[in-house]
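Student: In this note's numbering, the protein residues as written are 842 to 1020.
Glycine residues also receive a C-beta, built at the ideal position from the N, C-alpha and C atoms.
Following this line, the structure appears as structure tokens:
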């Protein structure tokens, strides 16, 4: 029903709002308790977070594809793409483009663990690709602590890590000053 859809949208908006200001489920629960409202169920919170992440990923992908298409159309209209390529064939055509690179870490100094790197078209000024860099993974930290505390053997940790590695967020090592 429309009421249920509105309720789902409201919960997603609440999750998005708290995420936007750096808050999570615990922060939302505290705020709700101050306002004498019932807290959001943790599983529901996680479901809404995943839904928002999926939607954001699709929107980003769509915007990046559109920006790449705009660069191709710009180069095509300026005669920079060969005459053997028609306007309809642009989608499947691979071209060389000039880009500038810009990066930003989530905080300054040695404590920064997350960054975003953007490739910006020199022709159109549009972002054509982004990469998230992370030197930290909460799952790895949690499992490292279990290993250190003796709750998990080294072999159990390595077995877990082998299955986790493809999904691990860590893709950057070293200082945030070096990207």
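(1) When the Cα atoms are used, what is the spatial distance from residue 869 to residue 851?
(2) When you compare only the Cα positions, how much space is there between residue 912 and residue 1013?
(3) Within its chain, find whatever has a CB closer than 7 Å to the CB of residue 980; leave out the 5 residues flanking it on each side and keep chain order.
(4) Distance, Cα to Cα, residue 995 vs residue 881?
(5) Under three-state DSSP, which class holds residue 974?
(6) List in chain order: all unbroken beta strand (DSSP E) runs of 3+ residues lying wholly within the region 922 to 976.
(7) From 1009, 853, 932, 855, pick the residue whose C-alpha is nearest to that of residue 906; which is it?
(8) State the Cα-Cα distance for the pair residue 998 and residue 856, rounded to the nearest angstrom.
(9) Quick one: measure Cβ to Cβ for residue 853 and residue 892, integer angstroms, because I've assumed they're closer than 8 Å.
(10) For residue 939, which residues in the same chain have their Cβ closer than 6 Å to its Cβ, ignoring the five residues on either side in sequence?
(11) Express the C-alpha separation of residue 970 and residue 1020 in angstroms, rounding to a whole number.
(12) So, using beta-carbon positions, are residue 942 and residue 956 closer together than 7 Å?
(13) Could you pull the start and end residues of the alpha helix (DSSP H) that residue 889 belongs to?
(14) Pull up the distance between the alpha-carbon of residue 1009 and that of residue 984, whole angstroms please.
(15) Between 987, 988, 1000, 978, which lies nearest to residue 1011 when the distance is taken from Cα to Cα?
(16) Which of helix, strand or coil does DSSP assign to residue 880?
(17) Anyone know if the C-beta pair for residue 965 and residue 915 falls short of 7 Å?
Tutor: Looking at the coordinates:
(1) 14 Å
(2) 29 Å
(3) By the criterion of a C-beta distance shorter than 7 Å, residue 980 is surrounded in its chain by 1005, once the five residues flanking it on both sides are discounted.
(4) 37 Å
(5) strand
(6) Runs of the beta strand (DSSP E) lying entirely within the region 922 to 976, each at least 3 residues long, are 940 to 946, 955 to 962, 968 to 975 in chain order.
(7) 932
(8) Inter-residue distance for residue 998 and residue 856 is about 32 Å (C-alpha atoms, whole angstroms).
(9) 6 Å
(10) 963.
(11) Low per-residue confidence applies at residue 1020: pLDDT is 46, beneath 50, and the placement is therefore not dependable, though the value from the model is reported in the following sentence. Their Cα atoms are separated by approximately 16 Å.
(12) no
(13) 883 to 918
(14) 12 Å
(15) Closest by C-alpha distance to residue 1011, out of 987, 988, 1000, 978, is 978.
(16) Assigned with DSSP and collapsed to three states, residue 880 falls in coil, not helix or strand.
(17) yes
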